[in-house]
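So the protein sequences, as listed, match chains A and B.
For the numbering used here, count along the first sequence from 1 and bump the result up by 120.
For the numbering used here, count along the second sequence from 1 and bump the result up by 120.
Glycine included, every Cβ here is placed at the ideal spot set by N, Cα and C.
Here's the structure we're looking at; comments come further down.
There are 2 protein chains.
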Amino acid sequence: MYKFKGKEYPCCASLTMGLIGGKWKTVILFYLRNTTLRYNELRKKMPTVTERTLSLQLKALEEDGIINRKVYTSKPPLKVEYSLTALGKTLIPVVQSIADWGVYTVKENEAIATKV
Amino acid sequence: MYKFKGKEYPCCASLTMGLIGGKWKTVILFYLRNTTLRYNELRKKMPTVTERTLSLQLKALEEDGIINRKVYTSKPPLKVEYSLTALGKTLIPVVQSIADWGVYTVKENEAIATKV
DNA sequence: CGGTATCCGAAGCGATACTG
DNA sequence: CAGTATCGCTTCGGATACCG
């Protein structure tokens, strides 16, 4: 049994998945893996996510200590930047491995997988 | 846009997560990564999953071509073994990376994470 | 032994409209 | 610009009982 921030997981793998699982978290981390991005920059890179969902996932990642949220202005228009924390940076090899497998699989199995 | 078995994913990372995401799939793959296991052997390694959920997750992994299901008997008591397919074996580094991060994080952050 | 059937609550996720 | 509010659908996963 593993514990992280009060939550319990039955296996070392499920601990990781508890933090980066779900439909969008790895995508966010993939785009933040080597840069800092503003909210709207992330949205443009992920055109099919809704504002609400992106907002919720960013908040969850922030609460788990994986990303930083930095606000630069006090009045609208706001400027908010997201980046990886030190803990988040340790996830880069994991996210890269996940992304690489997607690319690899599409290349090796063109009969069942394609890049559109 | 990426396609795999008819499903569409907006990013190479989400393709992978579509196949191994969810609460239990990576745990199953973790235990199958270097061996073949029977249904009940998996259950014993994952005591907190219900029969129904384990069964559904195994079926989903089988349909995606990640694991093999081999039946050895025709009458009860049945003997069924699960193992990785060739495609499933290509996921081993990914699963290992996910599992390793869980172990690493528990070791490096004992204040917020522990192995019970 | 290796599952299914049924039922159910919780969570995930989306669409749209609105706001400081 | 960077979000929230509201609403509702859909999926996930759990509990229990039953079956070939």
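For Ile212/A, none of the residues of chain B pass the 7 Å Cβ criterion, the least Cβ distance being about 10 Å. Secondary structure of Tyr224/A (DSSP, three-state): helix. Here DSSP, grouped into helix, strand and coil, assigns Ala133/B to helix.
Using beta-carbon distances, Thr173/B does not count as an interface residue toward chain A, since no partner is under 8 Å. In this structure, the CA atom of Thr155/A is about 16 Å from the CA atom of Leu181/A. For Ser217/A, the closest Cβ of chain B is nearer than 8 Å. Take the alpha-carbon of Lys235/B and the one of Leu162/B: they are about 21 Å apart. For Asn160/B, the secondary structure class from DSSP, reduced to helix, strand or coil, is helix. Counting the other CB atoms within 10 Å of its CB gives Val147/A a total of 16 or more, which places it among the buried residues.
Taking C-alpha positions only, Asp220/A is separated from Cys131/B by approximately 11 Å.
In this structure, Ala133/B keeps its C-beta atom at 8 Å or more from the C-beta atom of Ile212/A. Take Glu171/B, set aside five residues on each side of it, and the residues of its chain with a beta-carbon closer than 8 Å to its own are Arg163, in chain order. For Lys179/B, the closest alpha carbon among the candidates Glu201/B, Pro196/B and Tyr192/B is that of Glu201/B. Judged by DSSP in its simplified three-state form, Lys143/A adopts coil rather than helix or strand.
DSSP places Ala206/B within a helical segment (H, G or I) once states are collapsed to three.
Each residue's CA atom was taken as its position, placing Gly185/A and Thr173/A some 19 Å apart. If you compare the alpha carbons of Lys127/B, Glu128/B and Gly141/B with that of Val215/B, the shortest gap goes to Gly141/B. Beyond the five residues adjoining it in sequence on each side, Phe150/A comes within less than 7 Å, by CB distance, of Val215 and Ala219 in the same chain, given in chain order.
Proximity of Thr168/A to chain B, defined by a Cβ-Cβ separation below 8 Å, is satisfied.
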